[in-house]
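In the numbering used here, the protein residues as written are 45 to 404.
See the structure below:
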């Protein structure tokens, strides 16, 4: 299902584009996932098969087949950015490309491994792998405008893979796709109103792009409804809270740390993230039994404490202290982060049936 040119492993010999060393893995960088393929293949889709079939039919139409085509606007666009904006923008492209490529690898392998036993599910994953490959290839090509490109083949073979049970894959990927939708559409709408802040033509593609993310999220919504134990009961409520908090906290800390990128777009990173978190939380209430109380001032105050601790950890990393001393200096901040995450997790959640959507 993936076109041969959809993902370029590395620049061709003699190319002026250099292979970029992958970013060091941290708690904030995108991860690659694997799962229990046997359990996924054995899933009974009958409780929600009609909706899944309807979503698969949407995937078959491939609305964005001809959307990701570069035009003359890209010519010389990278040369117009100042060095600092170039740096933070390339970092954004790398993280986005790695995240999209992670989805491609997972969905492709799922499709391949469950094809004979669960053909409908396999076909859905194949279509989503197609979309993610297209996104990753487009982002990587944009990186080449800056003289750099990720070696996606190297990442495939060398990046560490995290094992998640199928239900954890559902939570994590559903949230990733839905938060991706709100991130892209928020930037697109902002730049529509502020065209002078559009620093690179890739943002012209975000409106259609985020519709892929939205359809992928709808698929996982339907899949969780077909596996009701993922969204019913005490354990499900606890896991939903955990994944919501993990995704929101990671995004907030990461985005504030690279606020210069959002400033280049005319956005405040904190205001942007608050809006994205609020909208994602609202969307998630349609399938998760509980969501987080992001309206409570203590929630974002807690995220700010994580930002402060993370900045302190970065400062220790940048110091000239020996490794054992660095570890000792980091320990209080790690403990503080753990305590803060526990405090946020223990905040009373909001039951989805009582959830009041924010005013659009």
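The C-beta atom is built at its ideal place from N, Cα and C for all residues, glycine as well.
- Using a Cβ-Cβ distance cut-off of 8 Å, the region 150-157 and the region 79-93 are in contact, since at least three pairs of beta carbons, one from each stretch, lie closer than that value.
- Boundaries of the alpha helix (DSSP H) around residue 306: 303-308.
- With a cutoff of 7 Å on beta-carbon distance, residue 113 and residue 190 are scored as not near each other.
- The C-beta distance from residue 268 to residue 214 rounds to 5 Å, short enough to fall under 8 Å.
- The beta carbon of residue 146 is closer than 6 Å to those of 74 and 76 in its chain, skipping five residues each way along the sequence.
- Residue environment analysis places residue 285 among the buried positions, since at least 16 neighbouring C-beta atoms fall within 10 angstroms of its C-beta.
- Using a Cβ distance threshold of 7 Å, residue 247 and residue 235 count as a contacting pair.
- In this structure residue 339 is exposed. Its beta-carbon is surrounded by fewer than 16 other beta-carbon atoms within 10 angstroms.
- The beta carbons of residue 327 and residue 335 sit no closer together than 7 Å.
- Residue environment for residue 226: buried (at least 16 other C-beta atoms within 10 angstroms of its C-beta).
- Around the C-beta of residue 223, 16 or more other C-beta atoms lie within 10 Å, and the residue is accordingly described as buried.
- Listed in chain order, the beta strand (DSSP E) runs fully inside the region 133-184 amount to none, counting runs of at least 3 residues.
- Comparing C-alpha distances from residue 272 to each of 63, 88, 61 and 62 shows the shortest one belongs to 88.
- Under the criterion of beta carbons closer than 8 Å, residue 299 and residue 312 do not qualify as touching, at roughly 10 Å.
- Secondary structure note for residue 76: its beta strand (DSSP E) is the uninterrupted segment 76-78.
- Of the other Cβ atoms in all chains shown, 16 or more fall within 10 Å of the Cβ of residue 193; this residue is therefore buried.
- Residue state for residue 244 is assigned as coil, using DSSP reduced to three classes.
- Proximity of the region 340-351 to the region 380-397 meets the contact definition, three or more beta-carbon pairs being nearer than 8 Å.
- Of the candidates 173, 128 and 325, 173 places its Cα closest to the Cα of residue 103.
- Following the DSSP letters along the chain, one finds residue 225 inside the alpha helix (DSSP H) bounded by residues 210-237.
- Under the 10 Å beta carbon count, residue 211 is surrounded by 16 or more other beta carbons and is classified as buried.
- Relative to the Cα of residue 292, the nearest Cα in the group 323, 260 and 207 belongs to 323.
- Look at residue 395 here: in three-state DSSP terms it is strand.
- Annotated as distal: residue 263 and residue 141, with beta-carbon spacing of 7 Å or more.
- DSSP, read as helix, strand or coil, puts residue 62 in strand.
- Bounds of the beta strand (DSSP E) holding residue 207 are 205-207.
- Within the model, the alpha-carbon separation for residue 301 versus residue 128 is close to 14 Å.
- The straight-line gap separating the alpha-carbon atoms of residue 203 and residue 253 is approximately 26 Å.
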